[in-house]
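A.B. asks: Take this structure, written in structure tokens, and hold onto it; I'll ask about it next.
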Amino acid sequence: MDRLRTYRINPRVDKENQMRFLFSSFYVLVAAFFLAPDAHAKTVKYELTIRNEKVNLSGKQEVDFALTVNGGIPAPTLEFTEGDDAEIKVINELPFEEDVSIHWHGLLLPPEQDGVPFVNTPPIYKGQSHTFRFRLRQSGTYWYHSHTMLQEQKGVFGAIVIHPKKPTIKADKEVVAILSDWSDEDADKIIRNLRKDGDYYLYKKGTIRSYAGAIKAGKLGTQLNNEWTRMGGMDLSDVGYDAFLMNGKRDSQLAMAHPGETVRLRLINGSASTYFRVSLGSLPMRVVSADGIDIQPVMANEILMGIAETYDVLFTVPEHKNFELRATAQDGTGFSSGWIGMGEKAPAKSVTTPDMYASMDHSGHGGMDHSKMGHDAMAGMDHSKMGHDAMPGMAHEGMAGMDHSAQSAANHAPAKRAAGGEHAGHQGQDHGSAHSQTPAASPGKGEPVIETLTVDNLRALEPTVITKKGPIHDIKLVLDGDMRRYVWYINGKTIAQDRLLTVNPGEIVRITYQNDSMMHHPMHLHGHFFRVLNKNGDYSPLKHTVDVPPMSSRTIEFYADEVGQWMLHCHVLYHMDTGMARVVKYSNYSLPSSMAAHEKHDHHLEDPWYTYGKLELSSNHAEGNFRVSQSWNEFQARVEGANIRGKNFSFSDKWDYEADLFYRRWIDKWLNLIVGGTSFGERLHGVVGVGYTLPFLVETNLLLNHDGQLRLDVERKFQWTKHFFTDVDLTWRPGDQGGEHKFEFEASLMYSPKWAWAAGLMLTNDSLGGGIEFQF
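Here it is, written out as structure tokens:
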């Protein structure tokens, strides 16, 4: 006790110490609050349940194959604020054995949260669920969709809106408009039909190219030139749809708005295989964001929206009218409408029907060849320090204290730095007076208005130049396919043949897409934003999806620090499904052990078999063809008979019969090798040969049998009008091979109201008859 008394506390000193302690504690708490977002980040939870339900979206019929999310199509819009922690539980309640998945399109997150089954995330099996957890490190307009087989077409897609911490664009109202295409046919049937014939849906769409149509359009020379080059004309879409929808409806009121009110439209192309031309009344729109990242505002009368792209548009209602937001399918086969305002309707301008006989000069399609542009000043985005203040669309106050050591660099948005390496500002954020003011929604005096906006017109708010030094890794990806057999591939190989593209961390990866086909390909790279090199040089825009127009090329580049394993693919769903995809893998990345077993079952490695049949029955001739095929392997059986006396409906007279059983191995879309057997003139022969498509789309087979005898087959189709066509088949067998004729000739003149059947006349060496043919 006496010893304790020697330490009696001076009351004045004690009070000063207490005050120091309180102030220091206060500063520590404040610093912890602002410098450690983990301590106060808001967790936003959603639960998404995928079910099989009956729907009628076309207004024509109810179908039973639809997949709904929380009971609707599209799925619910998910809203967040940047910096939030997302916690999303996805539940598979399908009544049949089919796994499901959700990919968060355009979001930057760890690879295991990306949502691609068998690639970086486990599939969600029947009766099971999976909870995704990730930090929202960006703001903008994005979307989500299934990445399992063809489920996206069946209804599994929805919008994502991430509000910035510091709003830069003010509007009186915000409207999400997610565009989609809908077929009353099950998507599984659609792909089977396309694999029978890539032109299967031309009859339904009314887009058959013919000589009569070319003459009427004054484009016969163009049509013949396209046939000479074996292209056959531009294809704007593959599928004949029953409806085009905006927020799941063909026509709806999007927002009631008074004159003077400004509406922010968040436009998302969530379709499976349709590009849209989007316009608003008869007025220009101010485009302020692309793929979630703010851009230099630009006025446009319409936007050509590639599949999976997003655009944000400002529109100030000018008068007391109801203005139509119209999304017209690029092939002109239909549109959807949403209305903004109130009062008398102000419809959008009708879109001109596309020219089906356009020449192969696509300079007007936004497909500039950037492959030879100088890149010295475009060395890309500096991720070296991965400072969060370098992320587009994000506020990063106080994030310096976060520990990211356990997180992949894929969490970070692409950095925005000037050539000198200092921060020039951050897109999508409040950067002071230069960028914080909301741009006017109407064009200023003398301000140019672009007729049709594409990526070539986009200009970043700040330089996107990569200042980080690193080796340049040039990759050329040739996009092509065989439209007749409906197989799509990259560099001549499907993903089942060539799955991986390997990149090294620290590289500047420069990909040149060369489109050698007559279709648009919207190319999407998961887990990254990339620079699309365009006329704006240092200010080339950042995107996650880029349109590569027909017969054109695009060059993109990014700094490789998003370590993981990511899909790269065409976002035309049926192109990806048949092979136009790759997996981009970082060389220093290894899959978690929980994923390694799943990867072996990746459905991208599958190459399913598809069937096709054709039966022709005429009074003087009959023929049956049957085919079973994969991407490059094909088995073909053919049986043919003809009355040798030239009589019709005479089955008591002698008929000649022949048959073929071939295996074909396709080398590319023009050349295939043949091995098999034939029966002709009561003789059986083994044969080898080659098949090749000549200019003017002439199909040929040159065969050699085991007796050293040759056979040449030549086949050509002539489409005279929309419904009338001629098939010509020539077969030449030199020497004594049996049969009545060394040279066989068949030609038809058929009327076809739809793909499945035709009727008409059949001319052979000996007679003219009539009959019908069926395709199945």
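Under numbering that gives the first Met the number 0, think of the first position of the sequence shown as 0, with each following residue one higher.
We treat Cβ as the ideally placed atom computed from N, Cα and C, and that holds for glycine.
(1) Taking all protein chains shown into account, decide if Ser592 is buried (16 or more other Cβ within 10 angstroms of its Cβ) or exposed.
(2) Report the rounded CA-to-CA distance for Ser209 versus Gln635, giving the unit in angstroms.
(3) Could you check whether the stretch 685-699 touches the stretch 229-242, counting it as contact only if at least three pairs of C-beta atoms, one from each stretch, sit closer than 8 angstroms?
(4) Contact defined as beta carbons within less than 8 angstroms: I believe Asp180 pairs with Thr273. What is the distance between those atoms, to the nearest angstrom?
(5) Thinking just about the alpha-carbon of each residue, which of Lys344, Leu500 and Ala299 is nearest to the one in Thr451?
(6) Do Lys153 and Leu66 have their beta-carbon atoms positioned less than 7 angstroms apart in this structure?
(7) With 16 other CB atoms within 10 Å as the buried threshold, where does Glu61 fall?
(8) Can you round the beta-carbon distance between Gly114 and His146 to whole angstroms, since I take them to be within the 8 angstroms contact cut?
(9) What are the boundary residues of the alpha helix (DSSP H) that Asn192 is part of?
(10) If I follow the unbroken beta strand (DSSP E) through Trp227, where does it start and stop?
(11) For Leu760, I'd like the list of residues in its chain whose CB is within less than 6 angstroms of its CB, leaving aside the five on either flank, ordered along the chain.
(12) Between the alpha carbons of Gln137 and Arg194, how many angstroms are there, rounded?
(13) Would Gly400 be called buried (16 or more neighbouring beta carbons within 10 Å of its own) or exposed?
(14) Could you tell me how far apart the beta carbons of Ser128 and Asn91 are, in whole angstroms, since I believe they sit closer than 8 angstroms?
(15) Three or more C-beta pairs under 8 angstroms: does that hold for the stretch 612-621 against the stretch 455-469?
(16) Relative to the C-alpha of Thr511, which candidate in Gly505, His472, Asp497 and Asn503 has its C-alpha closest?
(17) If you drop the 5 nearest sequence neighbours on each side, which residues of the same chain put their C-beta closer than 7 angstroms to that of Ser358?
(18) If you pair each beta-carbon of the stretch 310-330 with each one of the stretch 261-278, do three or more pairs fall below 8 angstroms?
(19) Spatial neighbours of Lys53 within its chain, please: C-beta separation below 6 angstroms, excluding the five flanking residues on both sides.
(20) What residue range does the beta strand (DSSP E) around Leu452 cover?
(21) At which residues does the alpha helix (DSSP H) containing Asp726 begin and terminate?
(22) Tell me which same chain residues have a C-beta within less than 6 angstroms of the C-beta of Phe775, skipping the five on either side of it?
(23) Comparing alpha-carbon positions, which option in Phe529, Ile190 and Leu108 lies nearest Gly553?
(24) Please work out which residues of its chain come closer than 6 angstroms, Cβ to Cβ, to Glu343, disregarding the five sequence neighbours upstream and downstream, and give them in chain order.
(25) From the DSSP output, which residues share a beta bridge with Met284?
(26) Do you know whose CA, among Ala289, Pro109, Trp608 and Leu244, lies nearest Arg191's CA?
(27) In the structure shown, what three-state DSSP assignment does Glu598 receive?
(28) Given a cut-off of 7 angstroms, decide if Ile72 and Val99 are closer than it, judged by their beta-carbon atoms.
(29) Please classify Ile302: is it buried, with 16 or more other beta-carbons within 10 angstroms of its beta-carbon, or exposed?
(30) If you draw a straight line from the alpha carbon of Asn456 to that of Gly291, how long is it in whole angstroms?
(31) Does Glu111 come out as helix, strand or coil in the three-state DSSP assignment?
(32) Would you kindly report the start and end of the unbroken alpha helix (DSSP H) that includes Asp576?
(33) What separation, rounded to the nearest whole angstrom, lies between the Cα atoms of Gly373 and Ala595?
C.D. replies: In short, the structure shows the following:
(1) Position 593 of the sequence shown, counting from 1, holds the residue named residue 592. The residue in question, Ser592, is exposed, as its Cβ has fewer than 16 Cβ neighbours within 10 Å.
(2) The residue labelled residue 209 in the question sits at position 210 within the sequence shown. The residue labelled residue 635 in the question sits at position 636 within the sequence shown. The straight-line gap from Cα to Cα measures roughly 28 angstroms.
(3) yes
(4) Translated into the one-based positions of the sequence shown, residue 180 becomes position 181. Translated into the one-based positions of the sequence shown, residue 273 becomes position 274. The Cβ separation is near 4 angstroms, so the contact holds.
(5) Looking up residue 451 in the sequence shown gives position 452. Ranking the options by Cα distance to Thr451, first place goes to Ala299.
(6) Numbered from 1 along the sequence shown, position 67 holds the residue referred to as residue 66. Numbered from 1 along the sequence shown, position 154 holds the residue referred to as residue 153. Yes, the Cβ-Cβ distance between Leu66 and Lys153 is below 7 angstroms.
(7) In the sequence shown, the residue the question calls residue 61 occupies position 62. Burial call: exposed.
(8) By 1-based counting over the sequence shown, the position of residue 114 is 115. By 1-based counting over the sequence shown, the position of residue 146 is 147. 6 angstroms between Cβ atoms; contact.
(9) The count along the sequence shown starts at 1 and reaches residue 192 at position 193. Unbroken alpha helix (DSSP H) run through Asn192: Ala186 to Lys195.
(10) Reading the sequence shown from its first residue, position 228 is the one you call residue 227. Careful: Trp227 lies outside any beta strand (DSSP E), inside the alpha helix (DSSP H) at Leu219 to Trp227.
(11) Stepping through the sequence shown from its first residue, residue 760 is reached at position 761. Here the set comprises Leu748 and Gly769.
(12) If you number the sequence shown from 1, residue 137 lands on position 138. If you number the sequence shown from 1, residue 194 lands on position 195. C-alpha separation (whole angstroms): 40 angstroms.
(13) Locating residue 400 in the sequence shown gives position 401, counting from the first residue. Because the pLDDT at Gly400 is just 33, under 50, the model does not fix this residue reliably, and the value given afterwards should be weighed accordingly. With fewer than 16 Cβ atoms within 10 Å of its Cβ, Gly400 is classed as exposed.
(14) Position 129 of the sequence shown holds residue 128. Position 92 of the sequence shown holds residue 91. 7 angstroms between Cβ atoms; contact.
(15) no
(16) Numbered from its first residue, the sequence shown carries residue 511 at position 512. Among Gly505, His472, Asp497 and Asn503, the Cα nearest to that of Thr511 belongs to His472.
(17) Residue 358 sits at position 359 when you count from the first residue of the sequence shown. Here the set comprises Thr221.
(18) yes
(19) Taking the first residue of the sequence shown as position 1, residue 53 is located at position 54. Around Lys53: Glu61 and Asp63.
(20) As a position in the sequence shown, residue 452 is number 453, starting the count at 1. Its beta strand (DSSP E) spans residues Val448 to Leu452.
(21) By 1-based counting over the sequence shown, the position of residue 726 is 727. That residue, Asp726, is in no alpha helix (DSSP H); its beta strand (DSSP E) goes Phe723 to Trp731.
(22) In the sequence shown, the residue the question calls residue 775 occupies position 776. Once the five neighbours on either side are set aside, the close Cβ partners of Phe775 are Gly612.
(23) By one-based count along the sequence shown, residue 553 stands at place 554. Per the sequence shown, residue 553 should be read as Arg rather than Gly. The residue with the shortest Cα to Cα distance from Arg553 is Phe529.
(24) Residue 343 sits at position 344 when you count from the first residue of the sequence shown. Closer than 6 angstroms at Cβ, skipping near neighbours: Lys320.
(25) Along the sequence shown, read from residue 1 onward, the residue named residue 284 stands at position 285. Answer by DSSP bridge pairing, in chain order: Ala299.
(26) Walking along the sequence shown from the start, residue 191 turns up at place 192. Nearest option by C-alpha distance: Trp608.
(27) Taking the first residue of the sequence shown as position 1, residue 598 is located at position 599. Helix at Glu598.
(28) Here residue 99 refers to the residue found at position 100 when the sequence shown is read from its first residue. Here residue 72 refers to the residue found at position 73 when the sequence shown is read from its first residue. Not a contact, by the Cβ cut-off of 7 angstroms.
(29) As a working mapping, residue 302 is identified with position 303 in the sequence shown. Ile302 is buried by the Cβ-count criterion.
(30) Along the sequence shown, read from residue 1 onward, the residue named residue 456 stands at position 457. Along the sequence shown, read from residue 1 onward, the residue named residue 291 stands at position 292. Rounded to the nearest angstrom, the two C-alpha atoms are 16 angstroms apart.
(31) Walking along the sequence shown from the start, residue 111 turns up at place 112. In the structure shown, Glu111 sits in a helix (DSSP, three-state: H, G or I).
(32) Taking the sequence shown and counting its residues from 1, one reaches residue 576 at position 577. From DSSP, the alpha helix (DSSP H) with Asp576 extends over Leu572 to Asp576.
(33) Taking the sequence shown and counting its residues from 1, one reaches residue 373 at position 374. Taking the sequence shown and counting its residues from 1, one reaches residue 595 at position 596. Because the pLDDT at Gly373 is just 39, under 50, the model does not fix this residue reliably, and the value given afterwards should be weighed accordingly. For Gly373 and Ala595, the distance between alpha carbons rounds to 41 angstroms.
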